[in-house]
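Below you'll find the structure, written out as structure tokens, and then a few comments.
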Amino acid sequence: MNSRDKGHVLTMGEYVKRRNGVPAGAPGGLRNMLERSLGAKSFAVFWQYWNPIFGYALGRYVFAPLKRALPPAVALVITFVVCGAVHDLVTALVRGSPAFLFTPWFFFLGLGVVLARLTRMDLSRLPWGIRASVNLAYVASCLGLALLALLNWGIWIP
Numbered sequence: 405m406n407s408r409d410k411g412h413v414l415t416m417g418e419y420v421k422r423r424n425g426v427p428a429g430a431p432g433g434l435r436n437m438l439e440r441s442l443g444a445k446s447f448a449v450f451w452q453y454w455n456p457i458f459g460y461a462l463g464r465y466v467f468a469p470l471k472r473a474l475p476p477a478v479a480l481v482i483t484f485v486v487c488g489a490v491h492d493l494v495t496a497l498v499r500g501s502p503a504f505l506f507t508p509w510f511f512f513l514g515l516g517v518v519l520a521r522l523t524r525m526d527l528s529r530l531p532w533g534i535r536a537s538v539n540l541a542y543v544a545s546c547l548g549l550a551l552l553a554l555l556n557w558g559i560w561i562p
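Each residue of the sequence shown is one higher than the one before, counting from 405 in the numbering used here.
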């Protein structure tokens, strides 16, 4: 059965190879991930290429079950929030104290993906450098919104 056939669930190895063009851990994987994600035609496509191992787990174990019960856009934003919460948990374990930066940041990142899909964002005709600049500006803008939200809520990350 072809891995693109309906009903076939990709293994993590197949998923990573499809996203990066090379198997996990192979030379060129990081470069391919960066080139493909930063040069993506939309914010939604950016996340299809960024960190494919984590993306595989989130897609399979968070997004897919949520999508069965919720509208896809809601499931997507919740998946981003879960991803942010995991990042915050790891940060808290390393720091020894909580820092709730990633959860609101990833909430805004998820909203950006939903908006990009609603507007049918397509930067594919633009040069790679401009696409990369737009994608980086999106990530940075969402970080800025998260920091503003945290300041507004009276939470500051030292």
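Glycine residues also receive a C-beta, built at the ideal position from the N, C-alpha and C atoms.
Own chain residues within Cβ distance below 8 angstroms of residue i, not counting five before or after
i           : result
residue 526 : 445 and 446
residue 540 : 442
residue 437 : 423, 424, 453, 454, 455 and 456
Unbroken alpha helix (DSSP H) run spanning residue i, endpoints
i           : result
residue 455 : Counting along the chain, residue 455 falls outside any alpha helix (DSSP H), and DSSP gives it neither H nor E.
residue 509 : 506 to 522
residue 533 : 532 to 556
residue 502 : Where residue 502 is concerned, there is no enclosing alpha helix (DSSP H), given that its DSSP letter is neither H nor E.
residue 434 : 433 to 442
residue 469 : 468 to 473
residue 421 : 416 to 424
CB contact flag (residue i, residue j, <8 angstroms)
i           : j           : result
residue 507 : residue 488 : yes
residue 426 : residue 480 : no
residue 483 : residue 462 : yes
residue 417 : residue 428 : yes
Exposed unless 16 or more other CB atoms sit within 10 angstroms - verdict on residue i
i           : result
residue 544 : exposed
residue 441 : buried
residue 465 : exposed
residue 558 : exposed
residue 413 : exposed
residue 419 : buried
residue 450 : buried
residue 458 : exposed
residue 435 : exposed
residue 468 : exposed
Other residues of its chain near residue i: CB distance less than 6 angstroms, five sequence neighbours each side excluded
i           : result
residue 511 : 485
residue 549 : 512
residue 502 : 496
Residues near residue i by beta carbon distance below 7 angstroms, same chain, minus five either side
i           : result
residue 471 : 479
residue 448 : 517, 520 and 521
residue 547 : 509
residue 528 : 445
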